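Asks:
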Amino acid sequence: MKKLSNTKTLTLAAMLTAIGIVLGYFKFPINQFIEIRFAFVPLCLAGLLLGPGIAGVMGILVDVGGFLMYPTGPFFPGFTFSSMMTGVIFGLFLYKKRVTLQRMIMTMITYTVVVGVLLNSIWLNMLYLKLGCFNTILYRLPKEAIMLVVNTAIIYTLLKAFESVKLYEKI
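For the sequence shown, position 94 (counting from the first letter as 1) is numbered 94 according to full-length UniProt numbering, and the numbering increases by one without interruption.
1) Return the chain-ordered list of same chain residues with a C-beta closer than 7 Å to the C-beta of residue 76, the five sequence neighbours on each side being excluded.
2) For the beta strand (DSSP E) containing residue 52, name the first residue and the last one.
3) Under the DSSP definition of a beta bridge, which residues are partnered with residue 29?
4) What does the alpha-carbon distance come out to for the pair residue 97 and residue 48?
5) Could you spell out the range, first to last residue, of the alpha helix (DSSP H) harbouring residue 86?
6) Spatial neighbours of residue 61 within its chain, please: C-beta separation below 6 Å, excluding the five flanking residues on both sides.
7) Taking all protein chains shown into account, decide if residue 73 is buried (16 or more other Cβ within 10 angstroms of its Cβ) or exposed.
In structure tokens:
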């Protein structure tokens, strides 16, 4: 966390956190319990550029900041933990590593299984569904499978575009 004394790092982390909070506001509901969000995109960039520690802290700030700005239900720390894990996973898989399609697919599979399928299903079951964790996972699995492909395409395209303009070298 020595990098936190660097002004450039703090500024980038603050900007990505603000973007994450704003993106968290935009959601596309499929039904009462399933929605599509893109707040993970800035956390992915933070993991890639700043590492798992800072990206994890940003995940907490994005979730809490998003709740304070746009509350859509009760605050539940489980979703904050999921958001933190999102940043940590992206940081562990992408920080100081070359972005390849294989690495991106493995990163997104890990993110989808750990956060989307397991953690978020547990939290939704605890709060609302009461179907049992296994049934909640089965209920959410089709959406997560579709979003795995969509999210992988979005992130890979975005990161390759940043790479082509040498954005990583400027940060």
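Beta carbons are placed, not taken as given, at the ideal position from N, Cα and C, and that holds for glycine. As the structure is a prediction and not an experimental result, all values here were calculated from the model.
Replies: The structure says:
1) 123, 127
2) Looking at the DSSP string, residue 52 is not in any beta strand (DSSP E); the run it does join, the alpha helix (DSSP H), is 52-69.
3) 35
4) 8 Å
5) 77-94
6) 17
7) exposed
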